[in-house]
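Working notes for the structure below.
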Amino acid sequence: QQQVKQSPQSLIVQKGGISIINCAYENTAFDYFPWYQQFPGKGPALLIAIRPDVSEKKEGRFTISFNKSAKQFSLHIMDSQPGDSATYFCAASMVGNSGYALNFGKGTSLLVTP
Amino acid sequence: KAGVTQTPRYLIKTRGQQVTLSCSPISGHRSVSWYQQTPGQGLQFLFEYFSETQRNKGNFPGRFSGRQFSNSRSEMNVSTLELGDSALYLCASTLAGPSRGEQFFGPGTRLTVL
Numbered sequence: 007q008q009q010v011k012q013s014p015q016s017l018i019v020q021k022g023g024i025s026i027i028n029c030a031y032e033n034t035a036f037d038y039f040p041w042y043q044q045f046p047g048k049g050p051a052l053l054i055a056i057r058p059d060v061s062e063k064k065e066g067r068f069t070i071s072f073n074k075s076a077k078q079f080s081l082h083i084m085d086s087q088p089g090d091s092a093t094y095f096c097a098a099s100m101v102g103n104s105g106y107a108l109n110f111g112k113g114t115s116l117l118v119t120p
Numbered sequence: 016k017a018g019v020t021q022t023p024r025y026l027i028k029t030r031g032q033q034v035t036l037s038c039s040p041i042s043g044h045r046s047v048s049w050y051q052q053t054p055g056q057g058l059q060f061l062f063e064y065f066s067e068t069q070r071n072k073g074n075f076p077g078r079f080s081g082r083q084f085s086n087s088r089s090e091m092n093v094s095t096l097e098l099g100d101s102a103l104y105l106c107a108s109t110l111a112g113p114s115r116g117e118q119f120f121g122p123g124t125r126l127t128v129l
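This is the structure we're talking about:
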C-alpha cells in the first residue's frame with residue numbers, strides 16, 4: 007500500500023521554467039516531509055524538508071508548499087536548469103521513538119531542456 | 016566529513032545463494048536504515064538499526080535481515096536469493112536526536128541475481 011502518492015511520473019520543462027511536483031499522503035501521523043534528488047548511479051540526496059507547522063519553506067531555487075488540511079505537499083523548482091534533470095522523490099515519516107523510516111513516493115523523472 | 020559508504024558497489028549472485036552487504040554511516044550517526052530500490056516498487060524501507068537494536072522493520076520476508084555493530088556500522092543479509100531480489104540496496108544514516116528524520120544516503124549496492 008503506497009502511503010505517499012506522487013505525480014507526475016515524468017516532467018519536461020524548458021530552461022528557466024518552473025518545475026512542480028506534487029505529493030499526497032493519507033497518514034495524519036506523518037510529521038516530516040523531505041524531498042530527495044537522485045542522479046543515475048547515485049544515492050538519493052536530501053534537497054529540502056518541511057514539518058507540518060509551516061506552510062512553506064524556501065531554500066534557494068527550491069520551495070516546498072505544504073497543505074495540512076488537504077494532506078498534500080509540493081516541490082517547486084524555480085528557474086529550472088539542465089543540471090536539475092534528475093529523479094525527485096517525496097517522502098514522509100512519523101513522530102515517535104519508532105525510528106526514522108521514510109515512506110517514499112514513486113518518483114518523478116524531470117528533464118530540463120536547454 | 017566522509018559520507019555514507021557502502022560495499023561492495025556491485026554484486027552478482029545466483030538464485031539460492033546468500034549475500035551480505037555492508038554500510039558505514041557518517042561519523043557520529045547512530046541510526047542506520049536500509050532501503051530497496053527497484054524500477055517497479057520504487058524505494059521501500061527494509062529496516063532500521065539504532066544502538067545495535069532493530070527499531071523498525073518494513074514489510075519484507077524473513078530472508079532479509081540485518082545487524083548493527085557497536086561502531087554503528089551495519090550489515091544486511093539476504094538468504095536464499097530470488098530473481099526478484101535484484102535491486103539497488105541503499106543505506107542511510109541519521110544523526111538522531113533533534114535533527115531526527117534527516118537521512119543521508121550512500122551510493123548503494125547494485126545486486127543482480129541470475
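Listed in order, the protein sequences are those of chains R and P.
Residues 7 to 120 (our numbering) are what the first sequence spells out, left to right.
Residues 16 to 129 (our numbering) are what the second sequence spells out, left to right.
Backbone N, C-alpha and C define an ideal beta-carbon position, used for all residues, glycine too.
Could you tell me which of the options sits nearest to residue i, measuring between CA atoms?
| i | options | result |
| --- | --- | --- |
| residue 98 of chain R | R/56, R/25 and R/20 | R/56 |
| residue 77 of chain P | P/33, P/44 and P/89 | P/33 |
| residue 90 of chain P | P/40, P/31, P/129 and P/28 | P/40 |
| residue 65 of chain P | P/95, P/29 and P/107 | P/107 |
| residue 110 of chain R | R/40, R/27 and R/15 | R/40 |
| residue 89 of chain R | R/11, R/22 and R/14 | R/22 |
| residue 44 of chain P | R/106, R/117, R/112 and R/116 | R/106 |
| residue 54 of chain R | R/96, R/32, R/17 and R/10 | R/96 |
| residue 62 of chain R | R/34, R/44 and R/82 | R/82 |
| residue 69 of chain R | R/100, R/28 and R/32 | R/28 |
| residue 35 of chain P | P/82, P/93 and P/100 | P/93 |
| residue 42 of chain P | P/18, P/59 and P/81 | P/18 |
| residue 79 of chain R | R/24, R/31 and R/16 | R/31 |
| residue 129 of chain P | P/122, P/100 and P/118 | P/100 |
Taking DSSP as the reference, what is the three-state secondary structure of residue i?
| i | result |
| --- | --- |
| residue 98 of chain P | helix |
| residue 22 of chain R | coil |
| residue 85 of chain R | coil |
| residue 59 of chain R | coil |
Does the beta-carbon distance from residue i to residue j come in below 7 Å?
| i | j | result |
| --- | --- | --- |
| residue 61 of chain P | residue 79 of chain P | yes |
| residue 52 of chain R | residue 38 of chain R | no |
| residue 20 of chain R | residue 114 of chain R | no |
| residue 105 of chain P | residue 120 of chain P | yes |
| residue 91 of chain R | residue 117 of chain R | yes |
| residue 112 of chain R | residue 12 of chain R | yes |
| residue 124 of chain P | residue 27 of chain P | no |
| residue 74 of chain R | residue 58 of chain R | yes |
| residue 96 of chain P | residue 24 of chain P | no |
| residue 8 of chain R | residue 33 of chain R | no |
| residue 21 of chain P | residue 38 of chain P | yes |
| residue 100 of chain R | residue 35 of chain R | yes |
| residue 63 of chain P | residue 71 of chain P | yes |
Applying a beta-carbon distance threshold of less than 7 Å, which residues of chain P neighbour residue i?
| i | result |
| --- | --- |
| residue 66 of chain R | The contacting residues do not exist; residue 66 of chain R stays about 17 Å from chain P at best. |
| residue 49 of chain R | 105, 120, 121, 122 and 123 |
| residue 2 of chain R | What the structure shows of chain R is the stretch from 7 to 120, and residue 2 of chain R is not part of that stretch, so it cannot be assessed. |
Can you pull the chain R residues whose beta carbon is under 8 Å from the beta carbon of residue i, in chain order?
| i | result |
| --- | --- |
| residue 63 of chain P | 105, 106 and 107 |
| residue 117 of chain P | 40, 52 and 55 |
| residue 46 of chain P | 105 and 106 |
Would you mind telling me which residues of chain R sit closer than 9 Å to residue i, beta carbon to beta carbon, in chain order?
| i | result |
| --- | --- |
| residue 73 of chain P | 107 |
| residue 82 of chain P | Within 9 Å Cβ-Cβ: nothing; residue 82 of chain P doesn't reach chain R, min ~16 Å. |
What's the call for residue i, buried or exposed, on a 16-neighbour Cβ count within 10 Å?
| i | result |
| --- | --- |
| residue 52 of chain P | buried |
| residue 94 of chain R | buried |
| residue 48 of chain R | exposed |
| residue 102 of chain P | buried |
| residue 65 of chain R | exposed |
| residue 48 of chain P | buried |
| residue 50 of chain R | buried |
| residue 67 of chain P | exposed |
| residue 56 of chain P | exposed |
| residue 98 of chain P | exposed |
Under 7 Å Cβ-Cβ, which residues of chain R neighbour residue i?
| i | result |
| --- | --- |
| residue 109 of chain P | 106 |
Could you tell me which chain P residues have their CB closer than 8 Å to the CB of residue i, listed as they occur along the chain?
| i | result |
| --- | --- |
| residue 95 of chain R | 57 and 58 |
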